[in-house]
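Quick note: the sequence shown uses the numbering used here, first residue 84, plus one each step.
Backbone N, C-alpha and C fix where the C-beta goes; we use that ideal spot for every residue, glycine too.
Remarks on the structure that follows.
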Amino acid sequence: MPGTQNQARTAGTVPLSTYFCRQVELDEIYAQLQRPDCSAIFLSSETGMGATSLLRELATIASKRVAVISLQGTPSLAAIPFGILAPFLRRTSCAFVESHVDAIRKTLALLDDKQAHLRATLGEGLDLGRPLIIIDEADYIDTATATVVVSLAQAEKIKVVVAHRAANDPVSPLPQLWQAGVAERFHLRPLNREDGHEFCVGLLGGPTTANSSWYFWNTAGGNPLLMRLVMEDALASGRLRLRGDLWIMDVQSVSVGHQLQSVVREQLRGLSSDARKTLYLVALSEPVSAEIVSQQLGAEALKELFERDLVQESFDSIRLLRLINPIYGEVIREMVPRSESRMLHSRLINVLKLESSTPESALRMVIWTLESGLPVPDSEVLSAAIFAGKLYESGVALRLAEEIRDPHNQGRARAVKARAHFNMGEYAQAAALLEHHDENAASISELLFGGLLRAALQSALALPPQAIHDAATALRQHGERLARKDPENAADILLRSGERAHIIDLMAHSRAGNYNQMSGHIQEVLNRSDGHNDPDHVCNRSLALAFEAEKLSALGFPLAGMAQAAAAFAIVQAEDHDVFFVPEWIISRAQVAILTAGQWEEAEQSLNVLAVDVGKGTISFGGSVGVARGMMRLQQGHPAAALEVLLEGLDVLRHSDPQQLMGYCISMAAYAAAKLGRHDTARELIEQYGEDTSMYIVLAHERAFIAAAREYLNGDGAGVGELLGVIEDSAERGLLSAELNALSLLMDFAPGNARARILSVAGKVEGRWAAGLYAYASALEQRQASIMVDAAEQLLEAQMYQHAGRLLRLADSTAAKERDSLINRRIRHGLEQIEQTLGAQGEPGGKKSGGHQRMRERLTARELEIALMAAQGLTDKVIGAQLHVSVRTVEGHLYRAYAKLEITDRNDLALILSD
84 MPGTQNQART
94 AGTVPLSTYF
104 CRQVELDEIY
114 AQLQRPDCSA
124 IFLSSETGMG
134 ATSLLRELAT
144 IASKRVAVIS
154 LQGTPSLAAI
164 PFGILAPFLR
174 RTSCAFVESH
184 VDAIRKTLAL
194 LDDKQAHLRA
204 TLGEGLDLGR
214 PLIIIDEADY
224 IDTATATVVV
234 SLAQAEKIKV
244 VVAHRAANDP
254 VSPLPQLWQA
264 GVAERFHLRP
274 LNREDGHEFC
284 VGLLGGPTTA
294 NSSWYFWNTA
304 GGNPLLMRLV
314 MEDALASGRL
324 RLRGDLWIMD
334 VQSVSVGHQL
344 QSVVREQLRG
354 LSSDARKTLY
364 LVALSEPVSA
374 EIVSQQLGAE
384 ALKELFERDL
394 VQESFDSIRL
404 LRLINPIYGE
414 VIREMVPRSE
424 SRMLHSRLIN
434 VLKLESSTPE
444 SALRMVIWTL
454 ESGLPVPDSE
464 VLSAAIFAGK
474 LYESGVALRL
484 AEEIRDPHNQ
494 GRARAVKARA
504 HFNMGEYAQA
514 AALLEHHDEN
524 AASISELLFG
534 GLLRAALQSA
544 LALPPQAIHD
554 AATALRQHGE
564 RLARKDPENA
574 ADILLRSGER
584 AHIIDLMAHS
594 RAGNYNQMSG
604 HIQEVLNRSD
614 GHNDPDHVCN
624 RSLALAFEAE
634 KLSALGFPLA
644 GMAQAAAAFA
654 IVQAEDHDVF
664 FVPEWIISRA
674 QVAILTAGQW
684 EEAEQSLNVL
694 AVDVGKGTIS
704 FGGSVGVARG
714 MMRLQQGHPA
724 AALEVLLEGL
734 DVLRHSDPQQ
744 LMGYCISMAA
754 YAAAKLGRHD
764 TARELIEQYG
774 EDTSMYIVLA
784 HERAFIAAAR
794 EYLNGDGAGV
804 GELLGVIEDS
814 AERGLLSAEL
824 NALSLLMDFA
834 PGNARARILS
844 VAGKVEGRWA
854 AGLYAYASAL
864 EQRQASIMVD
874 AAEQLLEAQM
884 YQHAGRLLRL
894 ADSTAAKERD
904 SLINRRIRHG
914 LEQIEQTLGA
924 QGEPGGKKSG
934 GHQRMRERLT
944 ARELEIALMA
954 AQGLTDKVIG
964 AQLHVSVRTV
974 EGHLYRAYAK
984 LEITDRNDLA
994 LILSD
């Protein structure tokens, strides 16, 4: 039973499943072997990349059509002539291999026997291909065996696949096959993030959160073997566990298991003393200048590390060295003898600090110095702790903050700790650390440091917007207190505290939905022209632009909002100036703008930026990725795909929800589930729902989706009433984007009421999403085949497939009467395009398996009964009389049926039944 196995895995008693992650490479290699001019394949890889499993699969597939011999190189037999081949041949002959010619003769005899056996199995008339010899670890085979293989391949008696480590060439004379032009080369690279996610799902035998798979993929550098070992360690320790049907990884407490340590240690076997010392230095100080390492410890030692694929090089104004894989650092740093670490530190730390060009390397220097038992100035420890918090190395940040001794730095140390607890979703603990922050501040720098985080925590703890306004007022008052104590710098103190208070007021207005009150605060910040060298102003300016992006998006100008978000993101921040999460804050506003505009490609790019730039922040902010993708899929008409990513996002948000997106995620998931007819799931989600305290533009969307979900489930008109309430509230506030979203959902239930208002609102909103809704509503109003097809093609271009499918089906019924062959071809082409995109997933818009089946899948029993009667031509009055219900009840069931069937009136019911 899958469930039983999953439960056992949670307890660490059942191993991970076997999952093959190299299918694409296998298919490519197999295809090359079918070519008559290809006699050999050279497959290079680092250890753990899956070459052995690929060769095993290749042997299984190829053995169905040709004779196959699989050889395994080993260091112990590499120096013995025919050491690899002879034992294999003695399985069929008791005689020893006496010579090169004897080896060729016996190998051919063995292959002939295998070919004959295969013919007897498959049939005598079948034309078999050339036999295949597969050699794994070809850098560890003897020269005599290699010579036999080359001779047979050159004589076109066999084909050969040779796997070897990337740092080593295959044993001579195997490279002659490449030089002769009869071979192809392949290199197994680390899994990309998407393939890494699939690999995790395959090993676990069930879905896992994207954040959990990201952790395994990032920690192991995409190396499948290391990923598996990290996952096994996580299972054994209970940090990887099953929650419901989803695998979740607790990344806050990570350790390296013995099996993983053994694998890494094996990789280091045979390193020279100088190379090992060089490796220790890179591990202790990465990223480190390649020039310094080469000068101090020798170019040959560094070359050995590159040849063994233990280090990699990157460029950031200078050449920087890192270990080939993040997990290696955890193991190797534990391996370094303390005395040797101290010796390297005393010899090189000063020159390394001079050449340290990244905050990450500065962080590593501080940690190395502290671990060596040596003192580090508070200023350096504080900078390192701030950066550790921004890297989401929360445990490191907390440890470093404890090392800060100067009483004058304790306020900043508490702010660092608060950021670490914020990263881990421990908002109450974080807020407690900052409770007396303002009154304890003895300078303007101390007052501003951590102030933004404190305001964000008030929002995270669901305090009302007025509490955030009060925090801004308190900040101004404490600025005045400090100004009175320092009259000489009073003007500067008041300017800086006032400017930061404007940002906190903007946070409150964002929560309350008072977008029309934002402009004054934003301009106060942006109009300042003398603060380019002030890190506080640089931070404020970025955030003001982000709020401007949010405001513009809410008011119906998302394209302008995108430009403001891009300007905000382009401003370079000082890494160690404050603990606030500026990039994530900006990206979330950029996502609002992009999604409101319907710019799906830019949305995906933005989500990828979040993963790359935030790095381990995906653990804390990753829930917003699921929310953004879920909204995008719903706008495109992918409710099933939306539900999948939203349910996954929910589990992440339960762990950490810094932007208060849980309610929004639940509301969209409930809507998608209800729309798909998954009523139990929808009801469960609605029971979990509680209104959140995010940006008001998000809250307005949240309220609309939960109302639509309730209407799908209950069909009593109450959900429609809630939707109308959202529409009126948004209109009153001037939030055109929120109003249009609610109107688009109202189309599911009362299309006649929604169409006219969509035509009024959509024309005022920027972006192709609004333009698509305008075209859709306009085409429904006119109901002419050519206009509906034109609009559908516009919707397809905008990737709004569900609306496009509705128009094309309506146009199909109209065009059938008009007998317009050109229109009919365009309709067929559009429906085929939707089928290719959505049909295989069973999404709305794709072809259905039949009208009756479609109605049974989507309608309740009562809705189906009434719809079938209406399709027969019975009036609402007659249906009501026969079923002993009111006409209004009949009308209610019918309009819900129309929405679920993606039609607009009873005339289309007959068309559905004729499918």
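Cβ neighbours of residue 626 in the same chain (closer than 6 Å, five flanking residues each side left out): 586
Going by beta carbon distance, what residues of the same chain come within less than 7 Å of residue 137, once the five residues before and after it are set aside? 105, 108 and 109
By the 10 Å Cβ neighbour count, where 16 or more other Cβ atoms means buried, how is residue 117 classified, buried or exposed? exposed
Applying the 10 Å Cβ sphere with the 16-neighbour rule, what's the burial state of residue 802? buried
If you drop the 5 nearest sequence neighbours on each side, which residues of the same chain put their C-beta closer than 6 Å to that of residue 479? 471
Is it buried or exposed, residue 929, if we count other Cβ atoms within 10 angstroms and call 16 or more buried? Interpretation of residue 929 is limited by its pLDDT of 38, a score under 50 that renders its predicted location unreliable; the figure taken from the coordinates is listed afterwards. With 16 or more Cβ atoms within 10 Å of its Cβ, residue 929 is classed as buried.
Please return the same chain residues whose Cβ sits closer than 6 Å to the Cβ of residue 299, not counting the five positions on each side in sequence. 283, 310, 313 and 314
Should the segment 943-957 be regarded as contacting the segment 976-986, the criterion being three or more beta carbon pairs within less than 8 Å? yes
Per the DSSP calculation, residue 862 is bridged to which residue(s)? DSSP output for residue 862 lists no bridge partner at all.
Going by the CB atoms, is the gap between residue 404 and residue 373 shorter than 8 Å? yes
Looking only at its chain, what residues have a beta carbon closer than 8 Å to the beta carbon of residue 144, apart from the 5 residues adjacent to it on each side? 109 and 113
Expressed to the nearest angstrom, what Euclidean distance is found between the alpha-carbon atoms of residue 955 and residue 949? 10 Å
What residue range is occupied by the uninterrupted beta strand (DSSP E) comprising residue 245? 242-248
Using 8 Å as the threshold, is the C-beta distance between residue 132 and residue 271 below it? yes
Simplified DSSP state of residue 254, which is helix, strand or coil: coil
Could you check the C-alpha separation between residue 831 and residue 280 for me, to the nearest Å? 35 Å
CA nearest to the CA of residue 748, picked from 200, 735 and 355: 735
Looking at the unbroken beta strand (DSSP E) that takes in residue 218, where does it start and where does it end? 215-219
Which full runs of the beta strand (DSSP E) of 3+ residues lie inside the segment 482-545, going along the chain? none
Determine the closest residue to residue 328 out of 287, 582 and 296, with distance taken between C-alpha atoms. 287
Relative to the C-alpha of residue 545, which residue among 777, 516 and 579 is closest? 777
At the level of alpha carbons, what is the spacing between residue 959 and residue 966? 11 Å
Burial state of residue 610, where buried means 16 or more other Cβ atoms lie within 10 Å: exposed
Taking a contact to mean a Cβ-Cβ separation below 8 Å, would you say residue 166 touches residue 222 in this structure? no
Which residues share a DSSP beta bridge with residue 332? 323
Can you have a look at residue 370 and say buried or exposed, based on whether 16 or more other CB atoms are within 10 angstroms of its CB? buried
If we count the other Cβ atoms within 10 Å of its Cβ and call it buried at 16 or more, is residue 992 buried or exposed? buried
Which parts of the segment 262-331 are runs of the alpha helix (DSSP H), unbroken and 4 residues or longer, counting only runs that do not cross its ends? 276-287, 293-303 and 307-320
Can you tell me which of the three DSSP states residue 989 falls into? coil
Boundaries of the beta strand (DSSP E) in which residue 155 is found, first to last residue: 151-155
For residue 537 and residue 517, which I take to be in contact (beta-carbon distance under 8 Å), what is that distance rounded to the nearest angstrom? 4 Å
So, at 7 Å on beta carbons, what are the nonlocal neighbours of residue 115 in its own chain, with the 5 sequence-adjacent residues on each side left out? 121, 124 and 267
Buried or exposed for residue 849, please, with buried defined as at least 16 other CB atoms from any protein chain shown within 10 angstroms of its CB. buried
As a quick exercise: from 522, 488, 486 and 475, pick the residue whose alpha carbon is nearest that of residue 507. 475
Where does residue 569 land, buried or exposed, given buried means 16+ other C-beta within 10 angstroms? exposed
Based on the DSSP output, what are the partners of residue 396 in its beta bridges? 404
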